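Asks:
Numbering (my numbering), first residue to last: 5 to 220.
Structure (structure tokens):
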């Protein structure tokens, strides 16, 4: 089971439970490497507020998506799969244009549904919470496992464009330690397998992002 990197903020609350749930049925993709990209920043990311699927990218988020597109343009990506939430879909399309590909959007890759918490502060998020009208942590991990398994069955190498919560779940499902330094908006990541062990490498660490905005 992966160990959680000690964070400097409260976004880690409940992550031990997420790791435990994921470890019960880990992900075992056939590919030996793939890419992951969290969407660019939104206004509610900056304010640390739970957001709905229609939240748009901010001006900074658009710039981050364009920068990520430049970084990924030289990678041998064959397939782009993304969340259909606006912020992820628009980020994916920016990257896809540089790669001359068409992204495929899936509702199952959306961020966790936090129900009645949407529109409220996420500064003290507890991933183990059970929000009214939303998903439990188990429901979220099960959904993500199925969605990521399907995404990584596509022609490789695959780029998955989704959310901070997706990255938490993905890391836990692969047994990769949760590193809060990798959670910045539009931070391209390469996941690579050596035997049964997965590791993640950032293509670049953006100076204008950090783990403090590591949700959704």
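For each residue, glycine too, the CB sits at the ideal point set by N, CA and C.
The structure displayed is predicted, hence computed values, not measured ones.
Taking the runs of the beta strand (DSSP E) that are 3 residues or longer, which of them lie wholly in the region 131 to 207?
Replies: Fully enclosed beta strand (DSSP E) runs of 3 or longer: 162 to 166, 193 to 198, 201 to 206.
Asks: Which whole runs of the beta strand (DSSP E) in the region 38 to 110 are 3 residues long or more, in chain order?
Replies: Fully enclosed beta strand (DSSP E) runs of 3 or longer: 83 to 87, 108 to 110.
Asks: In or out: residue 33 buried (at least 16 other Cβ within 10 Å) or exposed?
Replies: Along the chain shown, read from residue 1 onward, the residue named residue 33 stands at position 29. Looking at its Cβ environment, which holds 16 or more other Cβ atoms inside 10 Å, residue 33 is buried.
Asks: Can you tell me whether residue 134 is buried or exposed? The criterion is at least 16 other CB atoms within 10 Å of its CB, across all chains shown.
Replies: On the chain shown, residue 134 is found 130 positions in, with the first residue counted as 1. So residue 134 ends up on the exposed side.
Asks: Using the DSSP secondary-structure output, state which residues sit across from residue 125 in a beta bridge.
Replies: Position 121 of the chain shown, counted from the first residue, corresponds to residue 125. BP columns for residue 125 point to 53.
Asks: Let me confirm a value: residue 115 is counted as buried when at least 16 other C-beta atoms fall within 10 Å, else exposed. Which label applies?
Replies: Taking the first residue of the chain shown as position 1, residue 115 is located at position 111. Under this definition residue 115 is a buried residue.
Asks: Only counting the same chain, and skipping five residues up and downstream in sequence, which positions put a Cβ closer than 6 Å to that of residue 139?
Replies: The count along the chain shown starts at 1 and reaches residue 139 at position 135. Taken in chain order, the residues that qualify are 116, 117.
Asks: Tell me whether the beta-carbon of residue 76 lies closer than 8 Å to the beta-carbon of residue 192.
Replies: For the purposes of this step, residue 76 is taken as residue 72 along the chain shown, with counting starting at 1. For the purposes of this step, residue 192 is taken as residue 188 along the chain shown, with counting starting at 1. Closer than 8 Å, so yes.
Asks: Could you check if residue 91 is buried or exposed, using at least 16 other CB atoms within 10 Å of its CB as the buried criterion?
Replies: The sequence position of residue 91 within the chain shown is 87, counting from 1. It is buried - the Cβ of residue 91 has at least 16 other Cβ atoms within 10 Å.
Asks: Comparing alpha-carbon positions, which option in 20, 30, 41, 36 lies nearest residue 199?
Replies: By 1-based counting over the chain shown, the position of residue 199 is 195. Taking only the C-alpha atoms, the option nearest residue 199 is 36.
Asks: What did DSSP end up calling residue 116 once you bin it into helix, strand or coil?
Replies: Start at 1 with the first residue of the chain shown, and residue 116 comes out as number 112. Note: residue 116 maps to coil in three-state DSSP.
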